[in-house]
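Only one structure is covered here, and it is reproduced in the block below.
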Amino acid sequence: MKSLITLLILFTSTYVFAARLKDIANVRGVRTNQLVGYGLVVGLNGTGDSAAEFTSRSMKRMLDKVGMKIGDGEVTSKNVAAVIITASLPPFARAGNPIDLTINSIGDASSLRGGTLVQTPLRAADQQIYVVGQGPVLVGYSQAGVHETVARIPGGGIIERDMGSEFAGRKMFRLTLHNPDFTTAARVARRINIDLSGKFATAKDASTIDLVTPPSYEGKGVELLAMIESLQVNPDKHAKVVVNERTGTVVVGEGVRVTRVAISHGNLTVKVGGKDKGPGDSVLVIDNAANVGDLVKAMNRLGVSPKDLITILQSIKAAGALHGEIEIL
Numbered sequence: 050m051k052s053l054i055t056l057l058i059l060f061t062s063t064y065v066f067a068a069r070l071k072d073i074a075n076v077r078g079v080r081t082n083q084l085v086g087y088g089l090v091v092g093l094n095g096t097g098d099s100a101a102e103f104t105s106r107s108m109k110r111m112l113d114k115v116g117m118k119i120g121d122g123e124v125t126s127k128n129v130a131a132v133i134i135t136a137s138l139p140p141f142a143r144a145g146n147p148i149d150l151t152i153n154s155i156g157d158a159s160s161l162r163g164g165t166l167v168q169t170p171l172r173a174a175d176q177q178i179y180v181v182g183q184g185p186v187l188v189g190y191s192q193a194g195v196h197e198t199v200a201r202i203p204g205g206g207i208i209e210r211d212m213g214s215e216f217a218g219r220k221m222f223r224l225t226l227h228n229p230d231f232t233t234a235a236r237v238a239r240r241i242n243i244d245l246s247g248k249f250a251t252a253k254d255a256s257t258i259d260l261v262t263p264p265s266y267e268g269k270g271v272e273l274l275a276m277i278e279s280l281q282v283n284p285d286k287h288a289k290v291v292v293n294e295r296t297g298t299v300v301v302g303e304g305v306r307v308t309r310v311a312i313s314h315g316n317l318t319v320k321v322g323g324k325d326k327g328p329g330d331s332v333l334v335i336d337n338a339a340n341v342g343d344l345v346k347a348m349n350r351l352g353v354s355p356k357d358l359i360t361i362l363q364s365i366k367a368a369g370a371l372h373g374e375i376e377i378l
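If you read the sequence shown in our numbering, its first letter stands for residue 50, the second for the next number, and so on.
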């Protein structure tokens with residue numbers, strides 16, 4: 050039975066696509082910070098932890114904080130679950146703003162549905178408290194595939210510490226490309242210098258561009274970055290073929306060429322740059338100037354399976370005739 054291979058050819062050489070600088074790079078220091086905390090979810094209807102010692106100790110400490118002194122071993126309840134709380138603190142977060150929390154059971158609780166998270170501090174890697182979380186947890190609809198031991202509290206965390214950075218008076222900024230590439234880095238620096246009418250940007254390596262604040266933008270760092278991030282740059286791309294055997298999808302990037310080669314696979318012979326048509330439909334001949342997209346389309350017409358396609362492409366690559374990278378998903 051013939052298998053359908055879906056072919057996507059991206060960034061063909063006929064067109065040049067530019068991207069905003071803000072979509073291909075970020076400013077060093079402008080980043081999300083991960084937070085984590087340990088707490089208790091109470092109010093469960095018998096679906097909490099059964100006999101976890103750490104849950105009992107946590108309940109005792111919580112009750113001690115509210116003035117109830119209880120001896121060891123006197124605290125047991127199936128209505129409480131020990132949980133890990135995670136959150137992402139966005140850049141320029143300000144004290145008083147709410148953020149979403151994710152709640153994960155770490156004991157043997159069967160469900161967090163109907164519970165409430167007791168006030169819990171969340172810390173960053175520096176062990177400083179940045180968020181305090183509390184509130185009723187929200188579990189997805191009860192259906193197959195829904196894990197009731199994972200929940201969320203939309204807006205359940207309150208930011209206690211500012212994460213802002215002083216950009217207005219900075220003398221230098223560092224831009225980092227999402228996909229390091231020497232050509233793209235050089236293009237970014239060149240584009241910035243053209244718009245600023247001077248040599249203020251320098252590509253330091255494949256991922257880093259240093260930007261010195263021009264005299265006309267002194268004390269105006271935010272305005273400078275707003276102008277810079279809107280610039281259009283044509284990012285360079287590595288020649289790459291991405292193949293997903295499970296779905297039969299082939300994604301071909303720009304500039305993936307195939308030069309003269311002949312591959313025999315089962316009852317199929319693939320020739321690139323040949324003229325001999327051969328007997329029947331078992332010989333596939335592609336022009337010498339072909340790209341991988343042409344080759345895949347031709348093999349798709351012959352009903353080549355995704356598994357055989359991957360094998361053929363890898364063989365052509367091993368023979369040195371496929372000029373690009375192959376990534377198998």
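All C-beta atoms, glycine included, are put in the ideal place defined by N, C-alpha and C.
Just so we're clear, the structure is a prediction, and the values are computed from it rather than from any experiment.
Any 3 or more C-beta pairs closer than 8 angstroms across the region 255 to 262 and the region 217 to 234: The region 255 to 262, when compared against the region 217 to 234, does touch it at the 8 angstroms Cβ threshold.
Inter-residue spacing [alpha-carbon to alpha-carbon] between A252 and G156: C-alpha of A252 to C-alpha of G156: approximately 50 angstroms in a straight line.
Beta-carbon proximity of V181 to Q168, cut-off 8 angstroms: Yes.
Beta carbon of G164 nearer than 8 angstroms to that of V91: Contact annotation: G164 and V91 have beta-carbon atoms nearer than 8 angstroms.
Opposing strand residues paired with H227 [DSSP bridges]: Bridge partners of H227: none, in fact.
Cβ neighbour criterion (16 or more within 10 Å) applied to T232: Burial call: exposed.
Residues near P263 in its chain [Cβ-Cβ closer than 6 angstroms; skip 5 each side]: Excluding five sequence positions before and after P263, the CB atoms of its chain that fall closer than 6 angstroms to its own CB belong to L245, F249, given in chain order.
Backbone secondary structure at R106 - three-state DSSP: If DSSP states are grouped into helix, strand and coil, R106 belongs with the helices.
Collapsed DSSP secondary structure at Q363 in the structure displayed: Three-state DSSP puts Q363 in a helix.
Reference A144, options R162, D343, L344, D211, closest by Cα: Nearest C-alpha to A144: D211.
Which listed residue (V341, R80, A311, M108) has its alpha carbon closest to that of S126: Comparing Cα positions, the closest option is M108.
Beta-bridge pairing of S313 - partner residues as DSSP gives them: Bridge partners of S313: T318.
According to DSSP, residues forming a beta bridge with G352: For G352, which the question treats as bridged, DSSP gives no partner whatsoever.
Rounded Cβ spacing between V76 and T104 (contact assumed at less than 8 angstroms): Rounded, the Cβ-Cβ distance is 43 angstroms, inconsistent with contact.
Spatial distance of I152 from H196 (CA atoms): C-alpha separation (whole angstroms): 11 angstroms.
Residues that DSSP places opposite K289 in a beta bridge: Beta-bridge pairing links K289 to E374.
Cβ distance (whole Å) where L84 is taken to contact R172 below 8 angstroms: Yes, they are in contact, since the Cβ atoms of L84 and R172 sit about 6 angstroms apart, within 8 angstroms.
Any 3 or more C-beta pairs closer than 8 angstroms across the region 367 to 378 and the region 310 to 324: A contact is defined here as three or more CB-CB pairs under 8 angstroms, and the region 367 to 378 meets this definition with respect to the region 310 to 324.
Rounded separation between L287 and E374 - CA only: Sequence inspection shows His at residue 287; the Leu mentioned does not correspond to that position. Their backbone Cα atoms lie some 8 angstroms apart in a straight line.
Check whether Q183 and G204 have beta carbons under 8 angstroms apart: Cβ distance not < 8 angstroms, so Q183 and G204 don't count as in contact.
Which of helix, strand or coil DSSP assigns to T169: Three-state result, T169: strand.
Neighbour-count burial assignment, S265, 16 or more Cβ in a 10 Å radius: Under this definition S265 is an exposed residue.
Buried/exposed call for V132, threshold 16 Cβ in 10 Å: V132 should be labelled buried.
Chain-order list of residues whose beta-carbon lies under 6 angstroms from that of R240 (same chain, five-residue window excluded): Here the set comprises L280, V282.
K51 versus S354: straight-line alpha-carbon distance, rounded: Low per-residue confidence applies at K51: pLDDT is 43, beneath 50, and the placement is therefore not dependable, though the value from the model is reported in the following sentence. The alpha-carbon atoms of K51 and S354 are separated by roughly 7 angstroms.
Residues near L378 by beta carbon distance below 6 angstroms, same chain, minus five either side: Same-chain partners within the cutoff: N293.
Supposed close pair V305, I361 - CB separation, criterion 8 angstroms: With a Cβ gap of about 14 angstroms, V305 and I361 do not count as contacting.
As assigned by DSSP and simplified to three states, the class of A235: If DSSP states are grouped into helix, strand and coil, A235 belongs with the helices.
Neighbourhood of G268 by C-beta, 7 angstroms cutoff - its chain only, sequence neighbours within 5 removed: Result list for G268: A217, G218, in chain order.
Where N153 sits in the DSSP three-state scheme: Residue state, collapsed to three classes: strand.
Distance CB(T81)-CB(P140) smaller than 8 angstroms: Contact: yes.
Candidates D175, D98, N340, of which the one nearest T198 by Cα: Nearest to T198 by alpha-carbon distance, out of D175, D98, N340, is D98.
Neighbour-count burial assignment, S154, 16 or more Cβ in a 10 Å radius: Under a 10 Å Cβ-count criterion, S154 is classified as buried, with 16 or more other Cβ atoms of the shown protein chains found around its own Cβ.
Option in Y179, D343, Q363, R106 with minimal Cα separation from T135: Closest by alpha carbon: Y179.
Through-space distance from G78 to A142, alpha-carbon basis: The alpha-carbon atoms of A142 and G78 are separated by roughly 13 angstroms.
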